[in-house]
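Worksheet: one structure, shown below.
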Amino acid sequence: MTEKKVFLKRKYQICNCCVMDTTDEDIVFDENGVCMRCNEYKNRILPEWNYGKGHERELEQLIKEIKEKGKGKEYDCILGLSGGLDSSYMLHLAVTEWGLRPFVFHIDAGWNLPIAEENIKKLTDKLGVQLHVEKMNWNEMREMQLAWFRTGLEMLDAPQDHAFISLIDKYSCELGVKYILNGYNISTEVIADPESWEKESGPTGDGTYMKDVIKKYCRIPIKNYTFTNGFRHKFFIPYILGIKTIKPLNLVPITKQGMIDTLVNEYGYVPYGQKHFEDLITKFLEGWWAPTRFGHDIRRAQLSSLVVTGQMSREEALKILEGAPLEEGEEKKLFSEVASRLEITEEELMKYHEMPACYEKFRSQEKIYNMGIRLYELLGIEKRIRK
281 MTEKKVFLKR KYQICNCCVM DTTDEDIVFD ENGVCMRCNE YKNRILPEWN
331 YGKGHERELE QLIKEIKEKG KGKEYDCILG LSGGLDSSYM LHLAVTEWGL
381 RPFVFHIDAG WNLPIAEENI KKLTDKLGVQ LHVEKMNWNE MREMQLAWFR
431 TGLEMLDAPQ DHAFISLIDK YSCELGVKYI LNGYNISTEV IADPESWEKE
481 SGPTGDGTYM KDVIKKYCRI PIKNYTFTNG FRHKFFIPYI LGIKTIKPLN
531 LVPITKQGMI DTLVNEYGYV PYGQKHFEDL ITKFLEGWWA PTRFGHDIRR
581 AQLSSLVVTG QMSREEALKI LEGAPLEEGE EKKLFSEVAS RLEITEEELM
631 KYHEMPACYE KFRSQEKIYN MGIRLYELLG IEKRIRK
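With the numbering used here as the guide, the letters of the sequence shown map in order to residues 281 to 667.
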């Protein structure tokens with residue numbers, strides 16, 4: 281079950297600066313063997329970010345604005361808490377250092393691991409914040425997850441990811457709160473998963489794409505799921521309603537280890553070992569499915585982010601990549617558990633693993649999303665390298 285499939289169309293090459301390689305079909309290297317991501321980080325991101333230093337006045341003004349616009353309301357901002365490192369640390373700062381009153385919500389899509397639920401409880405209990413849990417209809421979520429497996433696509437987290445985005449949009453409109461706190465940070469995730477790994481998938485927040493897959497591959501009606509779309513998410517909410525999505529972790533000096541240490545010491549937080557491993561289906565997909573079915577190891581982007589930001593040497597990252605993402609035997613346990621939760625046989629799940637990759641075109645509002653991202657880049661809002 282651990283045999284790795286690798287699909288390469290060009291001579292293998294790895295960046296001389298980070299650990300991104302030609303498993304990304306679109307990667308481009310300069311004359312020194314340095315990839316375009318490292319050059320973009322050095323030229324576009326680092327000069328303004330400066331490792332989170334020098335933004336004290338900007339952060340102070342931002343916090344002041346959030347509090348002023350939140351006067352008279354129960355909450356002054358919205359914060360989605362997955363239980364992962366970034367959102368957990370952001371909640372810690374929001375309450376203990378910034379004095380904010382966030383509406384904290386968590387989506388239970390049926391895939392939570394117990395360790396994540398325990399971490400969430402430790403934080404919210406000690407911080408004294410109310411946790412609002414949105415429990416998804418499991419029968420629908422199960423069918424939607426199966427639908428994405430049936431497509432043959434690589435990016436199979438769409439049912440959960442879209443739910444998170446659509447509910448943020450829903451809450452932001454209902455609560456009248458003008459700020460959404462986003463845990464994205466340059467320090468640990470400046471390098472995004474390559475677009476070449478997402479072939480034929482639509483934008484995560486695109487309801488048009490979601491509904492097209494559902495129409496073609498779901499075998500039951502989806503009636504309770506909440507949708508959003510590109511226009512609503514990228515333009516109507518931010519520019520018509522004036523609701524801002526902010527990324528305050530970029531305005532403070534942070535490191536992955538520093539965040540872990542703080543959460544462990546303050547709350548007894550238990551780290552997951554790898555980013556996104558707080559969730560069963562995501563751990564399965566990123567730890568075993570994508571590497572063995574498509575030859576794509578998401579750790580390359582995660583580790584490269586740490587390398588370019590100076591938190592890890594390239595040699596250390598390469599050493600980590602020599603080992604498997606999961607502990608020995610763990611993939612079999614995850615495989616069985618995922619099949620069981622989906623109420624299918626392991627044989628059926630393996631058939632999805634062995635089926636041809638998807639070349640089907642799905643309807644989407646990708647052009648609107650791309651316009652939004654380009655606009656955000658021009659405005660200096662988008663700080664992630666998305667090639």
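We treat Cβ as the ideally placed atom computed from N, Cα and C, and that holds for glycine.
State the CB to CB distance for the pair residue i and residue j, rounded to an integer number of angstroms; the pair is presumed to be in contact (CB under 8 Å).
{"i": "L531", "j": "G332", "result": "6 Å"}
{"i": "L339", "j": "P528", "result": "7 Å"}
{"i": "S644", "j": "P483", "result": "6 Å"}
{"i": "T562", "j": "N462", "result": "That belief does not hold up - the Cβ atoms of T562 and N462 are roughly 18 Å apart, past 8 Å."}
{"i": "L393", "j": "D559", "result": "7 Å"}
{"i": "M435", "j": "E478", "result": "5 Å"}
{"i": "I395", "j": "V550", "result": "6 Å"}
{"i": "V308", "j": "C315", "result": "7 Å"}
{"i": "V375", "j": "L407", "result": "5 Å"}
On the DSSP bridge list, what partners appear for residue i?
{"i": "G360", "result": "F385"}
{"i": "T225", "result": "Here the chain has residues from 281 to 667 only, and residue 225 is not among them."}
{"i": "D301", "result": "I294"}
{"i": "I414", "result": "Per the sequence shown, the amino acid found at residue 414 is Glu instead of Ile. E414 is bridged to I387."}
{"i": "L461", "result": "L359, I526"}
{"i": "F309", "result": "C315"}
{"i": "N392", "result": "D559"}
Does the beta-carbon of residue i have 16 or more other beta-carbons within 10 angstroms, so that it is buried, or is it exposed?
{"i": "Q341", "result": "exposed"}
{"i": "V286", "result": "Because the pLDDT of V286 is 48, which lies under 50, any placement of that residue in the model is unreliable, and the question is left without a value."}
{"i": "E611", "result": "buried"}
{"i": "K284", "result": "Its pLDDT being 46, under 50, K284 is placed unreliably by the model, and the measurement read from it follows with that caveat. So K284 ends up on the exposed side."}
{"i": "L586", "result": "buried"}
{"i": "W329", "result": "buried"}
{"i": "G567", "result": "buried"}
{"i": "S362", "result": "buried"}
{"i": "C297", "result": "buried"}
{"i": "Y459", "result": "buried"}
{"i": "G364", "result": "buried"}
{"i": "G590", "result": "exposed"}
{"i": "Y292", "result": "exposed"}
{"i": "Q582", "result": "buried"}
{"i": "Q410", "result": "exposed"}
{"i": "N323", "result": "exposed"}
{"i": "I534", "result": "buried"}
{"i": "P474", "result": "buried"}
{"i": "N509", "result": "buried"}
{"i": "E608", "result": "exposed"}
{"i": "G538", "result": "exposed"}
{"i": "A427", "result": "buried"}
When the Cα of residue i is compared with those of the options, which residue comes out closest?
{"i": "K402", "options": "K450, S584, I561, N545", "result": "N545"}
{"i": "L351", "options": "F429, P382, Q410", "result": "As written in the sequence, residue 351 is Lys, which differs from the Leu given in the question. Closest option to K351, Cα to Cα, is P382."}
{"i": "R579", "options": "F564, S593, G590, I600", "result": "I600"}
{"i": "N312", "options": "C295, K415, G485", "result": "C295"}
{"i": "C498", "options": "P474, D441, A443, T431", "result": "T431"}
{"i": "P571", "options": "C298, I471, T303, R290", "result": "T303"}
{"i": "Q505", "options": "E480, T535, A443", "result": "Just to set this straight, residue 505 is Tyr in the shown sequence, not Gln. Selected option, being the one with the closest Cα: A443."}
{"i": "L447", "options": "L426, D473, T404, K415", "result": "K415"}
{"i": "S368", "options": "F385, Y632, A389", "result": "F385"}
{"i": "I358", "options": "R594, N509, M630, L455", "result": "L455"}
{"i": "K536", "options": "K555, G390, G548", "result": "K555"}
{"i": "E627", "options": "A637, P636, F615", "result": "F615"}
{"i": "E617", "options": "E607, F564, Y639", "result": "F564"}
{"i": "S481", "options": "D310, K641, C315, N319", "result": "K641"}
{"i": "D441", "options": "E398, S452, G487", "result": "G487"}
{"i": "V588", "options": "I307, A472, Y321, R290", "result": "Y321"}
{"i": "G522", "options": "L407, E602, E397, I346", "result": "I346"}
{"i": "G603", "options": "I500, S620, I387, D577", "result": "D577"}
{"i": "G360", "options": "Y489, H412, R422, T625", "result": "H412"}
{"i": "V493", "options": "A374, M424, L629", "result": "M424"}
{"i": "G553", "options": "Y355, P501, L606", "result": "L606"}
{"i": "L622", "options": "G390, E336, D310", "result": "G390"}
{"i": "G575", "options": "E634, Y547, D366, G548", "result": "E634"}
{"i": "I624", "options": "F429, Y639, K349", "result": "F429"}
{"i": "K349", "options": "R337, H335, L380", "result": "L380"}
{"i": "I325", "options": "I500, I471, N417, D301", "result": "I471"}
{"i": "G548", "options": "S476, D405, W569, P327", "result": "D405"}
Could you check whether the Cβ of residue i sits closer than 8 Å to any Cβ belonging to chain C?
{"i": "S644", "result": "Of the protein chains in the structure, only one exists, and it is not chain C."}
Segment contact flag, the stretch 510-519 with the stretch 463-470, C-beta cutoff 8 Å, min 3 pairs: no
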